[in-house]
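In the working numbering, the protein residues as written are 2 to 626.
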């Protein structure tokens with residue numbers, strides 16, 4: 002037996018989080034994962050299916066279906082409400098606030114922390130843009146004399162800081178606004194940690210690593226054709242102790258671990274026959290052992306994450322626990338209150354700091370989806386419930402205002418009414434060669450101000466053309482300007498949008514609102530205003546019966562009529578720059594146009610355009626109701 006080479010299996014241990022001082026930042030890692038602990042967590046996430054399912058499912062619960070402004074006090078703070086809602090839709094140049102929160106939620110669950118990049122305006126009075134930064138790219142600077150981190154460092158790859166030199170960014174501080182931007186790093190309390198935060202499941206890391214090794218073992222067994230391991234005895238003499246140790250080290254490096262399932266072990270003996278012998282090595286009841294190990298590691302991973310029912314997160318359970326609707330909903334409530342809500346509450350507190358700076362601090366909350374609410378079929382529910390009750394039970398958004406229309410009738414109206422004809426005639430789809438450069442709630446635009454024409458006029462003044470373009474109006478609009486092959490020109494269009502922060506008390510919808518939302522068309526302002534001559538639209542044709550005393554009303558201002566939950570969202574498109582000698586900044590140009598709109602001397606109407614009638618005085622009715 003002394004001639005058999007023994008190879009010790011490496012023990013599986015969870016890395017220890019260390020904080021060691023570097024030159025400019027505090028390292029965050031272990032001896033094996035030097036300054037790369039966040040990357041270690043990502044590695045576990047990608048290599049354990051059970052672990053990843055829990056993290057993904059929990060992150061989705063944290064983000065919810067949406068994040069909304071609570072209605073309480075909105076009438077008294079209308080300006081603040083509009084400002085905050087605009088921030089929700091346009092938190093940066095590409096994303097809504099909820100899209101950023103989705104990324105934050107995944108980082109928060111996976112890493113135990115998240116990071117936000119805040120951009121100040123030139124005056125340093127407001128935060129104008131908010132971006133998510135992957136938290137694995139962030140390291141804390143060395144704390145100051147007061148123990149406070151006043152600078153963070155960001156690198157695309159902390160394993161190679163020579164090629165990816167970390168960039169310092171000032172830590173978030175409302176009292177020190179010297180920099181153009183700041184980084185907000187935050188997370189829940191982590192014991193024995195000063196500047197970093199660890200995930201809440203850290204005790205389950207060992208089991209996630211075991212899950213990874215088990216999957217590797219099975220993969221390699223498949224790759225090796227399910228063949229057993231073999232021992233080969235070479236009967237050509239016994240090597241010296243030094244030679245045996247060298248061979249042992251070589252063998253360990255080559256064949257040790259789960260990735261070498263089904264490989265070969267070598268032994269040596271002194272036999273005059275010098276004939277090699279091959280012995281298959283089989284593990285007794287290996288299938289049962291790995292099955293038991295699989296069940297054990299799944300249970301321990303679930304425990305580490307505090308999962309009340311695996312089915313909540315898409316993990317099949319053979320125990321039957323939480324498999325019926327009542328148990329699943331009860332488990333969901335427990336998991337929501339004990340695990341998910343602390344994450345959500347912390348995110349809301351962080352956002353509240355930003356909202357307060359911008360003078361738009363209002364109560365916000367997450368819209369939470371329930372797992373399963375009923376075991377009945379739709380036909381069963383129709384027999385005993387209203388349409389509004391069914392939609393609420395299924396977690397669907399409520400319908401809008403006035404009357405519920407059955408499918409057959411709705412189809413007829415879609416195909417034959419004057420409204421559908423009007424939508425088809427004036428509504429448009431933007432061609433692929435036009436790019437969206439701005440999307441925002443209409444705030445600051447007066448009714449008589451031609452935003453599009455003014456935008457194009459300013460663009461003409463700022464651009465030096467290689468040759469003079471010829472006027473060739475777009476077939477969809479007389480305001481679209483000039484030949485697109487020569488210049489950079491703009492379209493301004495409006496889309497009919499739903500105010501998701503409003504509740505639908507009646508649970509019903511008007512034909513006008515149904516079709517306008519379903520069409521997903523873009524409209525010119527000139528086609529939406531009250532008809533005067535050849536300009537505008539007659540509401541008595543497209544939405545009859547909702548004007549005061551049955552008179553035509555301005556659809557651009559009052560949308561679907563009293564109690565309507567919709568508003569117009571402005572979208573600005575442009576063509577690609579071709580032969581222009583000088584370039585212009587979209588942000589400068591659009592910002593200047595907005596300023597001119599706000600300074601326009603005509604009647605102010607911007608708030609009416611941006612507000613759903615349900616939020617207007619008397620809920621949009623001419624007289625109090």
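All C-beta atoms in this analysis are idealised placements derived from N, C-alpha and C, irrespective of residue type, glycine included.
Just so it is clear, the structure is predicted and the values come from calculations on it, not from any experiment.
What are the partner residues of residue i, as DSSP defines its beta bridges?
i           : result
residue 128 : 121
residue 169 : 154
residue 523 : 429 and 496
residue 491 : 575
residue 533 : 536
residue 116 : 134 and 186
residue 1   : Residue numbering for the chain in the displayed model covers 2 to 626; residue 1 lies beyond these limits and cannot be assessed.
Could you spell out where the alpha helix (DSSP H) holding residue i opens and where it closes?
i           : result
residue 692 : Because the chain is modelled from 2 through 626, residue 692 falls outside the range shown and cannot be assessed.
residue 61  : 50–64
residue 1   : With the chain covering 2 to 626 only, the question about residue 1 has no answer from this structure.
residue 502 : Segment: none, residue 502 is in no alpha helix (DSSP H) and carries neither H nor E.
residue 557 : 556–559
Tell me where the beta strand (DSSP E) around residue i begins and ends.
i           : result
residue 29  : 27–30
residue 437 : 436–442
residue 67  : 67–70
residue 139 : 139–141
Report back the beta-carbon spacing between residue i and residue j to the nearest angstrom; my notes put them in contact at under 8 Å.
i           : j           : result
residue 196 : residue 43  : Between residue 43 and residue 196 the Cβ distance is about 20 Å, and since that is not below 8 Å, they are no contact.
residue 597 : residue 455 : 6 Å
residue 613 : residue 444 : At roughly 14 Å, the Cβ-Cβ gap does not stay under 8 Å, so residue 613 and residue 444 are not in contact.
residue 203 : residue 184 : Incorrect: roughly 24 Å between the Cβ atoms, too far for contact.
residue 192 : residue 112 : With a Cβ gap of about 16 Å, residue 192 and residue 112 do not count as contacting.
residue 298 : residue 159 : Wrong, their Cβ atoms sit about 29 Å apart, outside the cutoff.
residue 370 : residue 100 : So it is not a contact: roughly 17 Å between Cβ atoms.
residue 151 : residue 172 : 5 Å
residue 555 : residue 530 : 6 Å
residue 497 : residue 569 : 7 Å
residue 84  : residue 70  : About 11 Å separates the two Cβ atoms, so there is no contact after all.
residue 305 : residue 146 : Not quite, the Cβ-Cβ distance comes to about 38 Å (not below 8 Å), so this is no contact.
residue 106 : residue 60  : 5 Å
residue 523 : residue 494 : 4 Å
residue 136 : residue 114 : 5 Å
residue 442 : residue 594 : With 8 Å as the limit, residue 442 and residue 594 do not qualify as a contact, their Cβ atoms being about 16 Å apart.
residue 55  : residue 367 : The pair is not a contact, with the Cβ atoms about 19 Å apart (cut-off 8 Å).
residue 420 : residue 527 : At roughly 18 Å, the Cβ-Cβ gap does not stay under 8 Å, so residue 420 and residue 527 are not in contact.
residue 293 : residue 309 : About 24 Å; that fails the 8 Å criterion.
What do you reckon, is the C-beta of residue i under 7 Å from a heavy atom of the ligand NAP?
i           : result
residue 165 : Only the bare structure without any ligand can be found here, which leaves the ligand NAP out of the picture.
Checklist entry - What residue ranges within the region 77–105 form continuous alpha helix (DSSP H) runs of no fewer than 4 residues, ordered along the chain? => result Within the region 77–105, complete alpha helix (DSSP H) segments of at least 4 residues are found at 79–90, given in chain order.
Checklist entry - Between the region 47–66 and the region 198–212, do at least 3 Cβ pairs fall closer than 8 Å? => result A contact exists between the region 47–66 and the region 198–212.
Checklist entry - Would the region 129–141 and the region 93–103 be scored as touching if the rule is three or more Cβ pairs under 8 Å? => result Judged by pairs of C-beta atoms under 8 Å, the region 129–141 touches the region 93–103, as three or more such pairs exist.
Checklist entry - At what residue ranges does the region 348–375 contain a whole run of the beta strand (DSSP E), taking only runs of 3 or more? => result Counting only unbroken stretches of 3 or more residues, the beta strand (DSSP E) elements lying wholly within the region 348–375 are 365–368, in sequence order.
Item to check | Contact between the region 555–571 and the region 417–431 (3+ Cβ pairs under 8 Å) | outcome: Between the region 555–571 and the region 417–431, the count of Cβ pairs shorter than 8 Å is below three; the stretches do not touch.
Checklist entry - At a cut of 8 Å, does the region 514–534 reach the region 111–128 through at least three beta carbon pairs? => result No, the region 514–534 does not touch the region 111–128.
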